[in-house]
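Enquirer: Can you keep this structure in mind? I'll have questions shortly.
Residue numbers (my numbering): 51 to 311.
See below:
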């Protein structure tokens, strides 16, 4: 049924990516790709109420979470450089995804993507930076079955600036590219790793993961905060291990929790 919907829409749907969309993609491979794209997009919609091109690329295995984080922290200049497929296949997958979403009645909504760095630079998806391609990547396809309240939460989440990311150092011999200092935590910048002081986060206090209530209250009270992640060798991905928050906010959060105990 999903394949039929995609086939009906192909003639009417404008191509949203590069001009070489279907080149080099055989019919059998296109059918397999259609199934994979449909499954990935449908899974994302069922999980969170909307789907994005990033969800699809992750779902079909062409993009890894670690590459998304590298792009989010500006270690990749554009997202397409981290995708493990050629541009014609990526373009075909993007077209199939947009066709499926339109025929499923999903509503398009454009979201801004900014870096998880202190400067919040606007992120780029493609090497060319063409407006149509960037817009296709930025589009969130939202389920029409969501309640008004859920739609509002989804829209607010899409426009909310992303969390800053601090990485637990994997090796003790790293050096800050600005001051040559070191430490247990670092911030990744395009020129290289930076220490917390140089990144403007040195005054924050570490709160390990484990107490969700204190963490939520501390982050809510802190004007500046960052998520701490560590590379998992077994799972081959970055995992959250705590947060950095302002000392006063942490003290306030702990005080509230203790008084309510």
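The C-beta atom is built at its ideal place from N, Cα and C for all residues, glycine as well.
(1) Counting pairs of Cβ atoms below 8 angstroms between the segment 258-268 and the segment 239-250, do you hit three or more?
(2) Give the single residue among 269, 284 and 278 whose Cα lies nearest to the Cα of residue 301.
(3) Look at the Cβ atom of residue 135, then the Cβ atom of residue 148, and state whether they are nearer than 9 angstroms.
(4) Quick check on residue 179: buried or exposed, where buried means 16 or more other Cβ atoms within 10 Å of its Cβ?
(5) I need the boundaries of the alpha helix (DSSP H) containing residue 150, first residue and last residue.
(6) Residue 160 lies in the alpha helix (DSSP H); which residues open and close that run?
(7) Leaving out five residues on either side along the sequence, give the residues of the same chain with a beta carbon under 8 angstroms from the beta carbon of residue 115.
(8) Look up residue 232 in the DSSP assignment and say whether it is helix, strand or coil.
(9) By the DSSP assignment, the beta strand (DSSP E) with residue 256 in it spans what residues?
(10) Using only CA atoms, which one of 273, 224, 102 and 236 lies nearest to residue 218?
(11) Mapping DSSP to helix, strand and coil, what is residue 180?
(12) Contact between the segment 242-256 and the segment 186-196 is defined here as three or more beta-carbon pairs at a separation below 8 angstroms; is this criterion met?
(13) Tell whether a beta-carbon distance below 9 angstroms holds between residue 172 and residue 162.
(14) Determine the contact status of residue 212 and residue 122, defining contact as a CB-CB distance below 9 angstroms.
(15) Which residue from 111, 189 and 129 puts its Cα closest to that of residue 145?
(16) Can you list, in chain order, the residues of its chain with a C-beta nearer than 7 angstroms to that of residue 164? Leave out the 5 residues immediately preceding and following it.
(17) Only counting the same chain, and skipping five residues up and downstream in sequence, which positions put a Cβ closer than 6 angstroms to that of residue 71?
Expert: On the basis of the supplied data:
(1) For the pair of segments examined, the segment 258-268 was found not to touch the segment 239-250: the number of CB pairs separated by less than 8 angstroms stays below three.
(2) The residue given as residue 301 occupies position 251 in the chain shown. It is 269.
(3) Sequence index remark: in the chain shown, residue 135 carries index 85 (1-based). Sequence index remark: in the chain shown, residue 148 carries index 98 (1-based). It is not a contact, given that the beta carbons lie outside the stated cut-off.
(4) As a working mapping, residue 179 is identified with position 129 in the chain shown. So residue 179 ends up on the exposed side.
(5) Reading the chain shown from its first residue, position 100 is the one you call residue 150. Run containing residue 150: 137-153, per the alpha helix (DSSP H) assignment.
(6) Working through the chain shown from its first residue, we reach residue 160 at position 110. No alpha helix (DSSP H) holds residue 160; the beta strand (DSSP E) holding it covers 157-160.
(7) Here residue 115 corresponds to residue number 65 of the chain shown, with the count starting at 1. Closer than 8 angstroms at the Cβ level, and outside the excluded window around residue 115, lie 108, 287 and 288.
(8) Working through the chain shown from its first residue, we reach residue 232 at position 182. Three-state result, residue 232: coil.
(9) Taking the first residue of the chain shown as 1, we reach residue 256 at position 206. Here the beta strand (DSSP E) through residue 256 covers 255-258.
(10) Counted from its first residue, the chain shown places residue 218 at position 168. For residue 218, the nearest C-alpha among the options comes from 236.
(11) Here residue 180 refers to the residue found at position 130 of the chain shown. Three-state DSSP puts residue 180 in coil, outside helix and strand.
(12) With a cut-off of 8 angstroms on Cβ pairs, the segment 242-256 is not in contact with the segment 186-196, counting fewer than three such pairs.
(13) As a position in the chain shown, residue 172 is number 122, starting the count at 1. As a position in the chain shown, residue 162 is number 112, starting the count at 1. It is a contact, given that the beta carbons lie within the stated cut-off.
(14) Residue numbering aside, residue 212 sits at position 162 when the chain shown is read from its first letter. Residue numbering aside, residue 122 sits at position 72 when the chain shown is read from its first letter. Yes.
(15) Within the chain shown, residue 145 is the residue found at index 95, counting from 1. That would be 189, whose Cα lies nearest to the Cα of residue 145.
(16) Residue mapping note: residue 164 aligns to position 114 of the chain shown, counting from 1. For residue 164, where only same-chain residues beyond five positions count, the Cβ hits under 7 angstroms are 170, 171, 172, 173, 211 and 212.
(17) Counted from its first residue, the chain shown places residue 71 at position 21. A caution first: residue 71 carries a pLDDT of 43, below 50, which makes its placement in the model unreliable, though a value can still be read off. Result list for residue 71: 65, 141, 142 and 145, in chain order.
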